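**Q**
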Amino acid sequence: MARQKLRQKDDKHEHCYIRDGKLALPYQYFAGRVGSRFLIALRDKKQILGVKCEKCNRVFVPPRQRCERCMEDLSDSWVELSDTGELTNYTVVNYEDKHLPRKPPYILAMIKLGGADTPLPHILEGIEPGKVELGMKVKAVFADETTNTILDVDHFEPV
Ligand SMILES: [Zn+2]
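Residue numbers for the sequence shown follow my numbering, beginning at 56 and rising by one.
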């Protein structure tokens, strides 16, 4: 067994020690009632669902339990959205991280789907970053195999 090392951080912090370590944090993520229904519809029906606040006349996607404006409970206010939408913003991701969905560079886009009032963040493929234009029409491309995540939509691509 490796012997633990205690190191002094520096002269100013003579009573502070740094110990090397590694944590294993297995866990299960609960998507919640609203998030679960959204992911199940995506997986089983290839449907993108949002929730509508009747008071504010706004449709949110990803869906949320409560309206961000009036706090109305939206968990039973489902609407089916189009799988096509409009690019409202984007950035090109140029750094690599094992938790990111793609190797860089890739385009992370904000997409306002037909029927929604809020944009959905997702990956845009099938176009060079220099040719992307705000307002362009894009369409969801569903994954062949489920991951039970938002990546059941593999990416969006220009229509
Ligand atoms: Zn509202």
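By construction, the Cβ of each residue, glycine as well, lies at the ideal position given by its N, Cα and C atoms.
Treat the numbers as computed from the prediction; the structure is a model and nothing was measured.
Going by other Cβ atoms of all chains shown within 10 Å of its Cβ, with 16 needed for buried, is D75 buried or exposed?
**A** With fewer than 16 other Cβ atoms within 10 Å, it is exposed.
**Q** Short of 7 Å in beta carbon distance, which residues of its chain neighbour T146, apart from the five on each side in sequence? Order them along the chain.
**A** Taken in chain order, the residues that qualify are L163.
**Q** Do P156 and I166 have their CB atoms nearer than 7 Å?
**A** Contact: no.
**Q** On the CB-based measure, 16 or more other CB atoms within 10 Å of its CB, does G105 come out buried or exposed?
**A** That one is buried.
**Q** Ends of the alpha helix (DSSP H) at S95?
**A** Residue identity differs from the one stated: residue 95 is Ile in this sequence, not Ser. Run containing I95: G87 to K100, per the alpha helix (DSSP H) assignment.
**Q** Give every residue whose Cβ lies closer than 5 Å to any heavy atom of ligand 1, listed in chain order.
**A** Here the list is C108, K110, C111, C122, R124, C125 and E127.
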